[in-house]
Amino acid sequence: MDDAHEALGAKPSVMETRKICFLYHPRLRAFIRLRIFLRLARFSISQQYPTNTEILTIMTQSTRVLIVGAGPTGLTAAIELARRGIMPVVIEKRKTASNLSRAVGILPNSMDILTPSGAAKAIRKEAVIIQSSVFHNQDKQVSSIKMNGLRGLNKRLYALPQDRTEYHLLKVFRELGGKVNYGAEFLSLSQSDNEVSVSILGKAFRFDYVIGADGVNSTVREALRIPYEGFDLPETWSIADVDAKVWRNPRSFSIFLLKDGNVAVTVPLDKERFRVVATSKDALAALPIPMIVEKIRRSGTFKVSIRQAKTYQLGRAFLAGDAAHCHSPVGGRGMNLGIADAAELAECIANGTTKNYTAIRHPLGKKAIQMSERMRKAVTTTSFTKRFILMRLLKLFARVPSLRRRFVANTLDL
Ligand SMILES: Cc1cc2nc3c(=O)[nH]c(=O)nc-3n(C[C@H](O)[C@H](O)[C@H](O)COP(=O)(O)OP(=O)(O)OC[C@H]3O[C@@H](n4cnc5c(N)ncnc54)[C@H](O)[C@@H]3O)c2cc1C
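Next comes the structure, spelled out in structure tokens:
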């Protein structure tokens, strides 16, 4: 595995290295010195001149972890492991960082997780704070629920395109000494009681643990033959990221409940930039109030699946993020759930309690899927009575402080 870290360029923290060195028996230290000397000699022959510290850190890496996928889940796991002195090897099949801005909403729990590493601070600087959730019946505003200013509930909902969130996560990981190996695809694994063997770029490497953070179509999950139980929605949803100088409620989530049970949503991404998502094929056309668009930055369609892996772990391999669960964007939980999985798994690996991982995270994933599905069904109902009751409730949420508090707490997953 030393080779894996060397070949793929991972370095554990200097603090960890020192701590481990102090703990070593004198003979072990002498052995390490000898190996360092041999390494130095080898490096000098090959005309590479790494510092002693770099070599030491390669040599003394204690726990060998492979993370497959450098999306928000993989990058959070990488940061949280690196912060705990375990520098993982991260592989990503894409050639470069992603420019897809799928998730927007960043919940308070994610910000709490990302605070110690400094990623939350960078996100906060760039993100938009969502002021309210504004509901419409067709084009008519029925309710505006303020998200901020509740006593004792001073948490914020931030909006930032996913590619920017990933940018900040990657930056922090690199600052911690980490590296993402782009263009490296995971294909298969085999494992024993003591280690996992993985083939990367045609070479076999051994790890203590493998984290599959490789998204909905997870190859790690397939390799482990873990069932991904659930169903796919028949309809096609759509998305558009646009520049528009004028839009009503520019700092709010605007939700348009349409006649046929369809829904269109707008979310601010920046001062004059918005995300439009609809449960039908053309997001911009679905808006009942035309948006005067200056520029379409991106538009497309996507399918929605509602699924959860039967277990999040098998032996020494684990699933996190979309590899473990997926649901519709309603409720905005997907990326946030992945960030929380990653942080929990890093903690479990660092303190040797990996057996608890599924027991902790699977029920929370199930709860988030159920909540998202309840919300999706409520807003897409075609029943006149159910729609009528929903409108009344939304009006009450805006007016009655205790109900507003409950709505905000629910939306922010507090
Ligand atoms: C339109 C839309 C809107 C959304 N809005 C929200 C929202 O507002 N809030 C929210 O929380 N969530 C939202 N989501 C969901 C969110 O985008 C996902 O939950 C999130 O991207 C999951 O992150 P991940 O890191 O687990 O997986 P991914 O982001 O899919 O990353 C997986 C990575 O693994 C890599 N990979 C795959 N296979 C391999 C392999 N074999 N070897 C190496 N690398 C591999 C991929 O290239 C990819 O980079 C939205 C999703 C969509 C589609």
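Counting in our numbering, the sequence shown runs from 1164 upward without gaps. Heads up, the beta-carbon is just placed ideally off N, CA and C, and yes, glycines get one too. In this text the structure is predicted, and so the values were computed from the model without any measurement.
In the structure shown, what three-state DSSP assignment does residue i receive?
{"i": "Val1291", "result": "strand"}
{"i": "Glu1217", "result": "Caution applies to Glu1217, whose pLDDT of 41 falls short of 50 and renders its modelled position unreliable; the model cannot decide the point."}
{"i": "Tyr1372", "result": "strand"}
{"i": "Ala1449", "result": "helix"}
{"i": "Tyr1520", "result": "helix"}
{"i": "Leu1559", "result": "helix"}
{"i": "Asn1300", "result": "strand"}
{"i": "Glu1366", "result": "For the sequence presented, residue 1366 should be read as Lys rather than Glu. Strand, per DSSP."}
{"i": "Lys1549", "result": "helix"}
{"i": "Thr1543", "result": "coil"}
{"i": "Lys1422", "result": "coil"}
{"i": "Ile1308", "result": "strand"}
{"i": "Ile1230", "result": "strand"}
{"i": "Ala1283", "result": "helix"}
Can residue i be considered in contact with ligand 2, in the sense that its beta carbon sits closer than 6 Å to one or more heavy atoms?
{"i": "Glu1348", "result": "For ligand 2, the structure offers nothing, since it holds only ligand 1."}
At what residues does the alpha helix (DSSP H) containing residue i begin and finish?
{"i": "Arg1569", "result": "1564–1574"}
{"i": "Ser1600", "result": "Not covered by the structure: residue 1600. The range shown for the chain is 1164 to 1577."}
{"i": "Thr1239", "result": "1235–1246"}
{"i": "Thr1328", "result": "1325–1338"}
{"i": "Asn1272", "result": "1271–1277"}
{"i": "Glu1385", "result": "1382–1387"}
For residue i, report the span of its beta strand (DSSP E) as first-last.
{"i": "Lys1458", "result": "1458–1472"}
{"i": "Arg1438", "result": "1436–1441"}
{"i": "Asp1404", "result": "1391–1406"}
{"i": "Ser1353", "result": "1349–1354"}
{"i": "Val1252", "result": "1252–1255"}
{"i": "Val1343", "result": "1343–1345"}
Under 6 Å: does the beta carbon of residue i sit that close to some heavy atom of ligand 1?
{"i": "Thr1236", "result": "yes"}
{"i": "Lys1530", "result": "no"}
{"i": "Arg1257", "result": "yes"}
{"i": "Arg1254", "result": "A quick correction: the sequence has Ile, not Arg, at residue 1254. Ile1254: yes, Cβ under 6 Å from ligand 1."}
{"i": "Gly1341", "result": "no"}
{"i": "Pro1324", "result": "no"}
{"i": "Thr1382", "result": "yes"}
{"i": "Gly1378", "result": "yes"}
{"i": "Gly1497", "result": "yes"}
{"i": "Arg1265", "result": "yes"}
On a Cα-Cα basis, can you pick out the residue from the options that is closest to residue i?
{"i": "Gly1281", "options": "Lys1529, Ile1242, Pro1453", "result": "Ile1242"}
{"i": "Ala1449", "options": "Asn1380, Asp1302, Ala1376", "result": "Asp1302"}
{"i": "Leu1432", "options": "Pro1251, Gly1268, Val1563", "result": "Gly1268"}
{"i": "Asn1499", "options": "Asp1275, Ala1407, Gln1304", "result": "Asp1275"}
{"i": "Val1361", "options": "Phe1416, Thr1278, Val1252", "result": "Val1252"}
{"i": "Phe1416", "options": "Leu1396, Phe1394, Asp1423, Val1439", "result": "Val1439"}
{"i": "Gln1471", "options": "Val1430, Glu1510, Glu1536", "result": "Glu1536"}
* Asked: At which residue ranges does the segment 1473–1541 contain complete alpha helix (DSSP H) runs of 4 or more residues, listed in the order of the chain?
  -> 1497–1513
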